Structure formats: structure tokens, C-alpha cells
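Residue numbers (my numbering): 270 to 575. C-beta atoms are modelled at their ideal positions from N, C-alpha and C, and glycine is treated no differently. Predicted model, so just to flag it, every value in this text is computed and none were measured. Data block below; observations after.
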């Protein structure tokens, strides 16, 4: 517990200084790490390539790649997946993946095209090769992720190339070895809200979910994202999520991806899945839940510009 004599600003500064990346840290003998949590940089292996197009008719290719460093999803059968998709909780099955930046390439005819690399666990790729159900599910989810992140529209009439496993040069991916941050309980003395200098508040607007979506996955909570410094490329982001119906952190499932926040609660009370405009230093991200205000605060250091 924090010292009750500390001001909100002191508590926030202490919290942030603990989470921020120490640029003077040396690499360990086992490889690079942030905050003592190692990550690996991998060039994935090609799996299969999907051809489609965007809403303007431009060719789109998706390289579905694989490596052992990406976590495996839960091992379920086709029947179990179909039952989940038809249930009240269709989002309970999630596939860990790494979505890379789009890169411009040329196809076999020399025409320009846009390529996206998506990396999954090797065992799950093998499962998709033998199951059209899992393959169709994964490609639908992947295309939704690309559309959400890059504000585009992708035609769902895709073709899997027979003679090519990938298009262009596969990009490097940083894969962490720790998947989720620990959520710390805080009392009223530890709230860092509104005490990070003079940040720029970025209210995130999204299309309201339908009643059917709310029943299936829960209500989207009110939230805001703050950047510091307020101008230019940020050093870190702070997300504040209002969860008035949550009492205990044990009811929360939080996953902070490279550029994504995913949050859900037991009994489908809340559901939040958003992409961020910056890549994060995942291993340095932290979360604290204030039991008095019922606000979950996440501090997320941002990867510097190369």
C-alpha cells in the first residue's frame, strides 16, 4: 500500500517512474528484456498466403506465418468451437497472434499490392491446415483485426494460393514471454488520475454495439486515453477505464498487446477491445484498480521512433 501522506501527484510519479523503461539497462545473458521480462525478436516462417482485395479494389495479401514463441490458444475441437460461436459467449475462444505493419510488394504480374504478416503458434497453424472450420474462423478474426487497426475494408471472398506460401519479405516481430500484466489493487491514496502533468486527453469514439452484441459480450465501459507529452510522439499512454460494476480484480481479464487493449469480465459485465495508434513496450505496462473509484488505470510506455 502507498504512503497515505503522499499526494496524488507523488503517487502517480512514483508509479510511473517504476514502470518507465530504464534505457541504461544492459541486456541479460539470455537476451534483451524490459523490466526483467525477456522478449525475442523473430522472423516467422511462412505458412500459407491469402489473396483478397480492399474496398477500392486493390489487391491484398495476408501472409499467415508461424513460430513457436507465440502462445498457443486453448486446445478445443471443431464441435466445441462451433458450439462456442453459437453460444452466449462466442468471444471466449481467442487466438494469440502478432499483426505486423503493412508493407508494399509486387505480385507475380509486377503490379503493386499491400501485404500483411500475421504470426500464430506453429501448432495452431498445423491445426488450421487440417480444419476448414478453424481456418475460416481465424481468417475472419484476422481480417476484422486488420480492418479495425488500419481503417480499411477487406473483401471476405478470399483465395488461398496453392503455389506460394508468402508474398514479399517477412517482417521481424518482437514476441514477449509474458502474456498479461498483473492488476494491482489500490485504495483511495493511490489513485494517479489527473496528476500526470498536462496530458492531451484522447476520447476514443466507437460505434455503439447492438443489443445482441451487448448480451453476447457485455457492455463497453467508458474510457479515455491520455498521452504524455501531449505533443508529438508520446513516451507513454495512460488509459482510464470506468468499471462501476466491478468490485474485485479477480473478475477481470486484461491483456495488453503490442498495440491493443483487451478487457473482459466474468458474467460478461464489460467487454473492451481496441487498437492503439502506437506500439507499446508490453513488458513495461502496468495496471492498477482503485477499489473506491472503480477505475482501472493502465500505464503503457510507447516504443520510441526508430
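Report the residue ranges of all beta strand (DSSP E) runs contained in full by the segment 507 to 545; include only those spanning at least 3 residues, in chain order.
Runs found: 521 to 525, 529 to 534 and 540 to 544.
Just reading off the beta strand (DSSP E) that residue 381 is part of, what are its end residues?
Residues 381 to 390.
On the DSSP bridge assignment, give the partners of residue 373 in chain order.
383, per the DSSP bridge assignment.
When you compare only the Cα positions, how much space is there between residue 433 and residue 493?
If I take the Cα positions, the gap works out to 43 Å.
Residue 407 by DSSP, collapsed to three states: which one?
The answer is helix: DSSP assigns residue 407 an H, G or I state.
What does the alpha-carbon distance come out to for the pair residue 391 and residue 342?
Approximately 11 Å between the Cα atoms of the pair.
Please report the distance separating the alpha-carbon of residue 469 from that of residue 506.
Only weak support exists for where residue 469 lies, its pLDDT of 40 falling under 50; the coordinates are left without a value.
If you follow the alpha helix (DSSP H) that residue 352 is part of, which residue opens it and which one closes it?
It spans 347 to 354 - the alpha helix (DSSP H) in which residue 352 sits, taken as one unbroken run.
By Cβ distance, which residues of its chain are closer than 6 Å to residue 522, with the 5 residues on each side in sequence left out?
Excluding residues within five positions, the ones whose Cβ falls inside 6 Å are 533.
In angstroms, rounded to a whole number, what distance separates the CA positions of residue 513 and residue 348?
Distance between the alpha carbons of residue 513 and residue 348: 36 Å.
Given a cut-off of 9 Å on the beta-carbon distance, is the pair residue 324 and residue 424 in contact?
The answer is yes: Cβ separation under 9 Å.
With a threshold of 16 other CB atoms inside 10 Å of the CB of residue 415, please say whether the residue is buried or exposed.
Its Cβ being crowded by 16 or more others within 10 Å, residue 415 is buried.
Where do the N-terminal and C-terminal ends of the beta strand (DSSP E) with residue 565 fall, by residue?
Taken as a continuous stretch (DSSP letters only), the beta strand (DSSP E) holding residue 565 covers 564 to 570.
On the three-state DSSP scale, how would you describe residue 309?
Strand, per DSSP.
Only counting the same chain, and skipping five residues up and downstream in sequence, which positions put a Cβ closer than 8 Å to that of residue 402?
Closer than 8 Å at Cβ, skipping near neighbours: 347, 350 and 351.
Starting from residue 555, follow its DSSP beta bridges and name the residues at the other end.
DSSP lists 568 as partners of residue 555.
When burial is assigned at 16 or more other CB atoms within 10 Å of the CB, is residue 431 buried or exposed?
The residue in question, residue 431, is exposed, as its Cβ has fewer than 16 Cβ neighbours within 10 Å.
Take the Cβ of residue 508 as the centre, count every other Cβ of all protein chains shown within 10 Å, and call the residue buried at 16 or more, exposed below.
It counts as buried.
Going by DSSP in three states, residue 393 sits in which element: helix, strand or coil?
Helix.
Which of helix, strand or coil does DSSP assign to residue 316?
Strand.
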